[in-house]
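Residue numbers (UniProt numbering): 1 to 136.
A virtual CB, placed ideally from N, CA and C, is assigned to each residue, including glycine.
Quick caveat, the model's predicted, so the values are computed rather than measured.
Everything on this sheet refers to the single structure shown next.
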Amino acid sequence: MDYKDRKAMPLFPISIVSELTELSARQIRYYEEKKLVTPLRSEGNRRLFSFYDVDRLIEIKRLIDEGVNLAGIKQVLKLRENQVQESQAKSQSEHKDYKKDLSEKELHQLLRRELLESGYLNKTSINQGDLSRFYH
DNA sequence: CTTCTGACA
DNA sequence: TGTCAGTA
């Protein structure tokens, strides 16, 4: 029948997504190539983006504007997914506190650790802006 | 007419 | 990244 998640339903072509995200089609295709987003394809091989994809791209757009490079964005996106998983697991099992939710402090610590692991603080420095807000 | 991939600057 | 080519 209909899709598992309405937000994962393949709906819009790249032109619409481009307007919604204020990203050029070129950029969107490039980010897909870098696996930051994975839109489905129509029978004619046309990309079909879901609300979920659009949200991700808007998030990417925001980070790009802040001067974060792709390596850094991948880290942030990875965290965002962890948050989604956390909230899903949370609503599914309202049991004990096995799947505890992350506090803001824990979230920042996790992000800082991931960023450091990816070696983002090397000489190249993935960000030109303020990622400092993430590791208060 | 819109999108796609590959390629060049 | 923008843009152009040649398709589907």
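Proximity to Asp55 [Cα-Cα], best of Gly67, Leu23 and Asn69: Walking along the first sequence from the start, residue 55 turns up at place 55. The candidate whose alpha carbon is nearest that of Asp55 is Leu23.
C-beta atoms of Leu40 and Leu48 nearer than 8 Å: Working through the first sequence from its first residue, we reach residue 40 at position 40. Working through the first sequence from its first residue, we reach residue 48 at position 48. The answer is yes: Cβ separation under 8 Å.
Inter-residue CB distance, Leu57 and Leu79 (contact presumed, cutoff 8 Å): Locating residue 57 in the first sequence gives position 57, where the first residue counts as 1. Locating residue 79 in the first sequence gives position 79, where the first residue counts as 1. About 17 Å separates the two Cβ atoms, so there is no contact after all.
C-alpha gap between Ile14 and Ser50, whole angstroms: Taking the first residue of the first sequence as position 1, residue 14 is located at position 14. Taking the first residue of the first sequence as position 1, residue 50 is located at position 50. Spanning the two alpha carbons is a distance of roughly 11 Å.
Assigned exposure category for Tyr30 - 16 Cβ within 10 Å defines buried: Walking along the first sequence from the start, residue 30 turns up at place 30. The residue in question, Tyr30, is exposed, as its Cβ has fewer than 16 Cβ neighbours within 10 Å.
Ranges of the alpha helix (DSSP H) found wholly within the UniProt domain "HTH merR-type" (11-79), counting only runs of at least 4: 14-21, 25-33 and 51-65
Under the three-state DSSP convention, the category Lys90 falls into: Within the first sequence, the letter at position 90 stands for residue 90. Here Lys90 sits in helix by DSSP.
Nearest to Thr21 (by Cα), restricted to the options Leu63, Val84 and Lys90: Walking along the first sequence from the start, residue 21 turns up at place 21. Checking every option, the nearest Cα to that of Thr21 belongs to Leu63.
Helix, strand or coil at Lys4 according to DSSP, with G and I counted as helix: Taking the first sequence and counting its residues from 1, one reaches residue 4 at position 4. Assignment of Lys4 by DSSP, reduced to helix, strand and coil, places it in the coil class.
Where Val84 falls, given that 16 or more other Cβ within 10 Å makes a residue buried: For the purposes of this step, residue 84 is taken as residue 84 along the first sequence, with counting starting at 1. By the neighbour-count rule (16 or more Cβ atoms within 10 Å), Val84 is not buried but exposed.
Proximal residues to Pro10 (C-beta, below 6 Å), its chain only, five neighbours per side dropped: Residue mapping note: residue 10 aligns to position 10 of the first sequence, counting from 1. Excluding positions up to five away in sequence, the list reads Leu40, Leu48 and Ser50.
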